[in-house]
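Down below is the structure, laid out as structure tokens.
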Amino acid sequence: MPSVSIIAPTTALRADAVVVGLRTTKNGPKLVDGAASIDAALGGRLHDALRALGASGRPDEVLKVPTLGLADFPLVVSTGLGDDPTSPEAARRAAGAALRTLSGHRRVHLAIDADHGALAEGALLGAYTFTAYKSSPAKPALRTISIAGPTSARAAVRRAAVVAEAVCRVRDLVNTPPNDLYPETFAARAAELAKEAGLTVEVLDEKALKKGKYGGILGVGAGSVRGPRLVRITYRPARAKAHLALVGKGITFDSGGLNLKTANLLWMKSDMGGAAAVIASILAIAALKLPVSVTATAPMAENMPSGTSYRPSDVLRMYDGSTVEVGDTDAEGRLVLADAITRALEDEPDHLIEISTLTGAQLVALGPRMMGAMGAPEWRDTVVAAAGTAGEGIWPMPLPDELRAGLDSPVADLQNVPTERWGGMLVAGRFLGEFVPAGLPWVHLDIAGPAFNNGGPRDYTPKGGTGAGVRTLIAAAEHLAGRAAPSR
Ligand code: BES
Ligand code: MN
Ligand code: ZN
């Protein structure tokens, strides 16, 4: 990741490109504050030049103006902030959109007087590329991003760098192909990262899972030659104000199992996006030294069809001792998560956030960008509000009691799918709720759509893994720490 820093607006610029902001007004586009010295270097002609290019200042509009030797920097880039340049998300998107077009440049400077933390975050996220599998890197990597601003903005920019690193880490993990990222290697990578950060980590391998009777994780993992794992990472600061349990789904590839999928298979390397999110978030929470105890629990398995697969009709004895009849091997996430939630609760957290690419029904209900939030209403709404401050799309959803009856099994305590398909996202949430004691503030975030961008790149979001949920998890921990996310 490139470095990012705040520099005084008067500092002489050594940049390959300078980014200015443009906003929409009823009288046409206007330069956002912060561009004055850039405009002056160009003899006050910047606005006219942008007008000549047809600039409007709308979001996602990025225009480039060469400075033809008039300034110390060869290129000015304008990026649209729309009609509200004070919105942090507008700043994030504008910076991201600009940086996405500037690959190949080594030093980029932002001369935009907007939320500095949001600009830094958007710029770092927009600059992301995944080149690990390209034989020859296409372009030199971006090295430094500078932002004109006061020294008081430094803390917000440092936080943004930690947050962006966590998001990019999830993108890398999701983008890594499933022949390289499978439970064993995923767990090893998580353990390596946790140790580097000085956190305690425990990895249960298949043998330990059998000994511990994790029937849900073992059932789902049975079809793959690559055995399942359960990773637990703990962060225990002095004087913690709360204890937050994070649980994330880590299916490294979801073929559906014997209920083999017929669609969306190229999407299913993202089925570990929840696990990656909780792992990256606990690292970030520790790096920010938030006074909140956190435990991240990530069940990892590969859901494959084979002679050793679990079958529709099998009954699994779960880690909590209850039994679940398998109605559909493709509803595997809730099975590994039930065991992980039970394990996470043994540490007696006072808050729980579980995050998973759980249902196609999430996409039907909310589209590809909005996560669904379900759980104890008050904590659910707190987490929804945290997502709002972080700039992530989210919507609160109910867990209607009448959906519980569909999970009754004729032979076991529960079945993993009802016969009726209605409200599939909520049903999955309701299933998970069966493993949470009444009264615990818990929330389930379904990120099936948001975790992976199948469309073209936009604002600060690349194609492929997006890192969805990370910013929400960090913001929720900040809330528990009594710390509002810093801005400006
Ligand atoms: N991993 C999928 C959910 C998913 C679908 C994620 C599309 C991303 C994009 C999950 O394991 C799954 O297969 N869910 C089933 C549940 C059904 C069998 C009750 C689904 O949504 O079809
Ligand atoms: Mn599935
Ligand atoms: Zn799945």
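Following the working numbering, the numbering of the sequence shown begins with 188 at its first residue and continues without gaps. Here a beta-carbon is modelled for each residue, glycine too, at the ideal position from N, C-alpha and C. All values reported here derive from a predicted model rather than from experimental measurement.
F440 sits in a strand when the DSSP states are folded into three classes. Boundaries of the alpha helix (DSSP H) harbouring N362: 341-362, taken from the DSSP string. In the structure shown, D633 adopts extended strand secondary structure according to DSSP, grouped into three states. The bridge partners DSSP lists for A483 are I420, L433.
In terms of Cβ geometry, T546 and D633 form a close pair [threshold 8 angstroms].
Contact holds between the region 642-659 and the region 348-368, because three or more Cβ pairs, one in each stretch, are under 8 angstroms apart. In this model, S290 and K398 are separated by some 50 angstroms (Cα to Cα).
Per DSSP, reduced to three states, the secondary structure at G256 is coil, with no helix or strand assignment. Cβ contact annotation for R498 (same chain, cutoff 8 angstroms, sequence separation greater than five): L445, V513, T516, in chain order.
As DSSP reads the structure, E541 sits in a beta bridge with V434, H631.
DSSP places G562 in the strand class (E or B) of the three-state scheme. Using a cutoff of 7 angstroms, the CB of A409 does not count as near the ligand MN, since none of the ligand's heavy atoms is closer than that.
Here the distance from the Cβ of D367 to the nearest heavy atom of the ligand MN is not below 7 angstroms.
Around the beta carbon of R346, 16 or more other beta carbons lie within 10 angstroms, which makes this residue buried.
Not one heavy atom of the ligand MN falls within 7 angstroms of the beta-carbon of D633. Cβ contact annotation for D458 (same chain, cutoff 6 angstroms, sequence separation greater than five): I438, D441, T544, in chain order. The set of residues with a C-beta under 5 angstroms from any non-hydrogen atom of the ligand ZN comprises I438, D441, D458, G520, given in chain order.
A distance criterion of 7 angstroms places the beta-carbon of G656 beyond contact range of the ligand BES, judged by its closest non-hydrogen atom. CA-to-CA, the gap between R504 and G562 works out to about 24 angstroms. In its chain, beyond the 5 residues on either side, S192, I194, H296 have a beta carbon closer than 6 angstroms to the beta carbon of S333.
Using a cutoff of 7 angstroms, the CB of N490 counts as near the ligand MN, since one of the ligand's heavy atoms is closer than that. The beta-carbon distance between D534 and A409, rounded to whole angstroms, is 27 angstroms. This is too long to meet the 8 angstroms contact definition. By the beta-carbon neighbour count (other beta carbons within 10 angstroms, threshold 16), D302 is buried. Using a Cβ distance threshold of 8 angstroms, A298 and G221 count as a contacting pair. Remark: the shortest separation between the CB of L503 and any heavy atom of the ligand BES does not fall under 7 angstroms. Of the candidates G283, E621, R330, the residue whose Cα lies closest to the Cα of G309 is G283.
For the pair of segments examined, the region 252-259 was found not to touch the region 616-629: the number of CB pairs separated by less than 8 angstroms stays below three. Each of D526, H631, V206 was checked against the Cα of E541, and the nearest Cα belongs to H631. With distances taken between CA atoms, A228 lies nearest to V205 out of K213, E276, V205.
Counting of Cβ neighbours within 10 angstroms places K436 among the buried residues, the total reaching 16 or more.
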